[in-house]
Amino acid sequence: MLLCTGAILGQAANLDQVRNGTADQPTDPGFWQNGNAGNQTAHYREGQSIPYRVVMTSMPANGTTVSLILGYDIKHSNAHAIDYLTDFDRLQPHTYDPAHSQELIDPRIGTVYANRNVTIDKFTIPTPSSVGSPVPGEPATSFGKIATANAAKVQMSMWGGDITQIVYVTPLGSLTAANSEQRIRVTFTVQIPAGQTERTVVLAWGGHIASRADWGFVNGVPRSAGGISGSPYHMRLISWGRNLTGEQDGTLTNLGNQDRSLSAAAVLPPPDCAIVPGAFNPCPSGTATYSAPTGTGLTFLWTVSPSNIARISGASVVNGQTTSTASSITVNHIACGNYTVSLRVTQADGQSTECPLTRTVADNVNPTITPSAGASGGTTSLGCNPTAAAIDAALGSATAADNCGLAAVNGLTVSTGEVVSNGCSRSQTRTWTATDACGNQSTATRTVTWTEDITPPTITCPANQTLACGSTPTFGTPTVTDNCGGTVTPTGGTVTQVTNADGSITYSKTWTAVDACGNQNTCTQRITVLSCQNNIFPTGTTCENFTTQSVAPLRSLCVAVDASKKITNASNPGAWFFYAKVTKPAGVSTLSVRINQSITNGSITGSTRLFTSDEIKAWTSSCTQITRNVTTDFGNPAQPVINITGLSNLAQEVIISVKYNSNSIRDAIANTLPATYSFNLSQGATANTINTIVPNSDENLTINTCTSTLAAPLTMVQSRDASSKVLLQEVLKVTATPNPYRDRVQFNIESPVSGQGVLEVFNLLGQKVGVAYQGYIFAGKAQTIYYTVPAAQRKTLIYQLRVGNLRTTGKLIDRRE
Numbered sequence: 011m012l013l014c015t016g017a018i019l020g021q022a023a024n025l026d027q028v029r030n031g032t033a034d035q036p037t038d039p040g041f042w043q044n045g046n047a048g049n050q051t052a053h054y055r056e057g058q059s060i061p062y063r064v065v066m067t068s069m070p071a072n073g074t075t076v077s078l079i080l081g082y083d084i085k086h087s088n089a090h091a092i093d094y095l096t097d098f099d100r101l102q103p104h105t106y107d108p109a110h111s112q113e114l115i116d117p118r119i120g121t122v123y124a125n126r127n128v129t130i131d132k133f134t135i136p137t138p139s140s141v142g143s144p145v146p147g148e149p150a151t152s153f154g155k156i157a158t159a160n161a162a163k164v165q166m167s168m169w170g171g172d173i174t175q176i177v178y179v180t181p182l183g184s185l186t187a188a189n190s191e192q193r194i195r196v197t198f199t200v201q202i203p204a205g206q207t208e209r210t211v212v213l214a215w216g217g218h219i220a221s222r223a224d225w226g227f228v229n230g231v232p233r234s235a236g237g238i239s240g241s242p243y244h245m246r247l248i249s250w251g252r253n254l255t256g257e258q259d260g261t262l263t264n265l266g267n268q269d270r271s272l273s274a275a276a277v278l279p280p281p282d283c284a285i286v287p288g289a290f291n292p293c294p295s296g297t298a299t300y301s302a303p304t305g306t307g308l309t310f311l312w313t314v315s316p317s318n319i320a321r322i323s324g325a326s327v328v329n330g331q332t333t334s335t336a337s338s339i340t341v342n343h344i345a346c347g348n349y350t351v352s353l354r355v356t357q358a359d360g361q362s363t364e365c366p367l368t369r370t371v372a373d374n375v376n377p378t379i380t381p382s383a384g385a386s387g388g389t390t391s392l393g394c395n396p397t398a399a400a401i402d403a404a405l406g407s408a409t410a411a412d413n414c415g416l417a418a419v420n421g422l423t424v425s426t427g428e429v430v431s432n433g434c435s436r437s438q439t440r441t442w443t444a445t446d447a448c449g450n451q452s453t454a455t456r457t458v459t460w461t462e463d464i465t466p467p468t469i470t471c472p473a474n475q476t477l478a479c480g481s482t483p484t485f486g487t488p489t490v491t492d493n494c495g496g497t498v499t500p501t502g503g504t505v506t507q508v509t510n511a512d513g514s515i516t517y518s519k520t521w522t523a524v525d526a527c528g529n530q531n532t533c534t535q536r537i538t539v540l541s542c543q544n545n546i547f548p549t550g551t552t553c554e555n556f557t558t559q560s561v562a563p564l565r566s567l568c569v570a571v572d573a574s575k576k577i578t579n580a581s582n583p584g585a586w587f588f589y590a591k592v593t594k595p596a597g598v599s600t601l602s603v604r605i606n607q608s609i610t611n612g613s614i615t616g617s618t619r620l621f622t623s624d625e626i627k628a629w630t631s632s633c634t635q636i637t638r639n640v641t642t643d644f645g646n647p648a649q650p651v652i653n654i655t656g657l658s659n660l661a662q663e664v665i666i667s668v669k670y671n672s673n674s675i676r677d678a679i680a681n682t683l684p685a686t687y688s689f690n691l692s693q694g695a696t697a698n699t700i701n702t703i704v705p706n707s708d709e710n711l712t713i714n715t716c717t718s719t720l721a722a723p724l725t726m727v728q729s730r731d732a733s734s735k736v737l738l739q740e741v742l743k744v745t746a747t748p749n750p751y752r753d754r755v756q757f758n759i760e761s762p763v764s765g766q767g768v769l770e771v772f773n774l775l776g777q778k779v780g781v782a783y784q785g786y787i788f789a790g791k792a793q794t795i796y797y798t799v800p801a802a803q804r805k806t807l808i809y810q811l812r813v814g815n816l817r818t819t820g821k822l823i824d825r826r827e
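This is the structure we're talking about:
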């Protein structure tokens, strides 16, 4: 016996597809044809499935595993053709013109299983891949809709066998290539019914015709293959074998070329469902228009949902959506979000297509806020001490606008912050917030700044001064502080002067400090230049002694007398000086001065000369000798004239000094003592115009015998050195008025000696409060000092005056105590 281990001879597999006739001459039941189909033999629509079967005969023994690989074009001529596999019976909805019932699709016809009640084996087809799909999710989404509606419609059917596996063969077909095939392997075991002699297995399925409803359009051209020229729908047998791979390994007869096609003309396209968008305003308050495609015998059903985002104008809301059957609609936008416009287009034959369009109501632009004045984010300075109303007015108000119109602005809120203080600086910010219907938000702020200051600056002038005669006053600079900080520069006014009764001159300069807010305060510094009223000085005095009055004046001289009281040639002192200050006016270069002299109990006549020209000198106010021509005219001995020529034409102060011999005075006196020598000065531009008395030039000199008492009784005064006592004509005196005081005190000083002095003020704890005066004190001259007590120290105080070794004290009483 010869054993065969190779292929079982006689196996065959034939691939059939259904020809169901034309729409007006349908073939019912559908005719299974081992060949191609066209528009003369078949009628289908996109979204239906082309019925296929493979009839396998002379199959091996039951239990034998067989794998069959099918191939189908998912892309043809850059269009989607058969995009996935389904059940063989999928011709609904079956709406054609003329109308007729769906043809019966029975894969058993013409096989051993026809009209037999044989168990059908069903196996679910796996979901197709969407990798690289130009429409995200397709074709898996379309497949899933069918499975969800009826799971049996995505299954393969088999008679005479049990399907054990259906898998897609890799690599997968490309969804982007112009032409692409997808292969699928079906594995089954042969299970011929008992008693059946024909070893036939039938496998049936459907090829889903890609629909433009799933794949959409590109520039108005559908991505689906319906309507293109040629035969884009191909199904073929690739290979089979008694294995799990489906490879043609020789265990089964070679299948040969098994390819069945269906022309595109046999696939009636659905009505065009392209929604034509018109004007579109994406704002929540905007509108959009949509139009249906044109065509004969078409009816439309528009649906817009959800109604809280958009509504068809004039339509009522039912179940959260609005509908219309018009050929075009206007949609009113309500709020931000996505809405769907769905259009179902139905042809006269009843076939319809529904296409959705998702639109977005959006506003990505923030509203704008316009303050009533100035720019957003700006800062306005109001200067000093504005009123609350002025601050509020400067912060102002604002209005809001939105690119989608005022109706899109839900509200404009305003908040005003607290006043922020930093020293004297103040600021306050007002913020406006606008939110539109889509939640876009804008803010604007305005900040107002100002200075709050009603306190004048504190200005303190240098201490008042009393200067020696002939001194030039020099004013200091006040110190200024302000409660708001910063630099406040004082301004000084014109220097004024007042001639006092004692001949001294008080110069005053008032300073004003004005801060940035216009608050102002003043202080005055007073400098008193003592009068050069002492004109006669003993031997050895200089011009400087005269200008500073630093040497005690000579008030008297004595002459010796014999027993008969006749004046002898002895005098004490033997010589002395007369000084006087004369002001030469501007415009002249010559100064003439006349000394007006007289003696009681005597006369100055004839050849009597009390001094000579050599004893006359002229000095500048700073005691520099003037080396110009100085001549003296003694034509009238009692009124000699001193002429100084060659001076500057500018105004000039000139000090005249004359040295006297005491014996010459004695010679002019009769023997009767005491006698008084008196004189003053007159001045003019020439000797013939001397008619102006020189101020403070009057002077008297008492002449007596040297044995007479010339001075006032002496008083014993305690000095600063407690161990010593000094004989003085008068005590050191200082009085204060008013006392009790309020703020300003006048000190009156009298000193028996000349020298540097200081007047200080202390509190009751012994702490120095201030210095009222520091300068030269002249003997025998009353001096007045003014002092303003600092505000913080206005209470009971102690004052102390020191001149040389002398000291005296007193108390200032605060009028509030």
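My numbering puts the first residue of the sequence shown at 11, with every later residue one more than the last.
Note that CB positions come from ideal geometry on N, CA and C, so glycine has one too.
From a predicted model like this one, the values you see are computed outputs, not experimental measurements.
Scanning the region 539-589 from its first residue to its last, the whole beta strand (DSSP E) runs of 3-plus residues come out as 546-548, 566-571 and 577-582.
In the DSSP annotation of this structure, the continuous segment of the alpha helix (DSSP H) that includes A403 starts and ends at A398 to L405. If you draw a 10 Å sphere on the C-beta of V763, you find 16 or more other C-beta atoms in it, and that means buried. Beyond the five residues adjoining it in sequence on each side, S184 comes within less than 6 Å, by CB distance, of S190 in the same chain, given in chain order. Put simply, the backbone Cα of T439 is about 13 Å away from that of P381. By the CB criterion at 8 Å, G40 and N30 fall inside the cutoff. Residues F227, G230, P303 and C365 of the same chain have their beta carbon placed closer than 8 Å to that of A284, with the five preceding and five following residues left out of the count. Per DSSP, T299 lies in no alpha helix (DSSP H) segment; the continuous beta strand (DSSP E) that holds it begins and ends at T297 to S301. Straight-line measurement puts the Cα of Q803 at about 13 Å from the Cα of R826. For F153, the enclosing alpha helix (DSSP H) begins and ends at A150 to A159. Within a 10 Å sphere around the beta-carbon of D83 sit 16 or more other beta-carbons, which makes this residue buried. Under the criterion of beta carbons closer than 8 Å, R676 and V571 do not qualify as touching, at roughly 10 Å. Contact check for W442 against T426 fails: the beta carbons are separated by 8 Å or more. Remark: C-beta atoms of V64 and L272 do not approach each other more closely than 8 Å. Rounded to the nearest whole angstrom, the CA to CA distance from N758 to L769 is 11 Å. Of the residues assessed, T699 falls on the exposed side of the cut-off, its CB having fewer than 16 other CB atoms within 10 angstroms. In this structure D224 is buried. Its beta-carbon is surrounded by 16 or more other beta-carbon atoms within 10 angstroms. The beta-carbon separation of A447 and P294, rounded to 4 Å, stays under the 8 Å limit for a contact. Residue burial is scored here from C-beta neighbours: K155 has fewer than 16 other C-beta atoms within 10 angstroms and is therefore classed as exposed. With distances taken between CA atoms, A585 lies nearest to S674 out of P377, S674, E462 and Y123. In the assembly as shown, R456 is a buried residue. Its beta-carbon has 16 or more other beta-carbons within 10 Å.
Residue environment analysis places S239 among the exposed positions, since fewer than 16 neighbouring C-beta atoms fall within 10 angstroms of its C-beta. Shown here, K85 sits in a strand according to DSSP, grouped into three states. Judged by DSSP in its simplified three-state form, T197 adopts strand. The region 344-359 makes no contact with the region 264-271, as fewer than three CB pairs between them are under 8 Å. Around the C-beta of T557, 16 or more other C-beta atoms lie within 10 Å, and the residue is accordingly described as buried.
Rounded to the nearest whole angstrom, the CA to CA distance from V664 to E709 is 18 Å. DSSP assignment within the region 194-235 yields the following whole alpha helix (DSSP H) runs of 4 residues or more, N-terminal first: 222-225. In this structure, the straight-line span from the alpha carbon of V211 to that of T75 is close to 12 Å.
Linking G73 to Q201 through their CA atoms gives a straight-line distance of about 6 Å. Within the DSSP secondary-structure output, Q27 pairs in a beta bridge with Q43 and Y62. In this structure, the beta-carbon distance from Q810 to Y786 does not fall below 8 Å. In the displayed model, K805 falls within coil according to three-state DSSP, outside both helix and strand. Put simply, the backbone Cα of Q535 is about 6 Å away from that of P472. Nearest Cα to P500 within the set T151, A526 and T335: A526.
Look at A275 here: in three-state DSSP terms it is helix.
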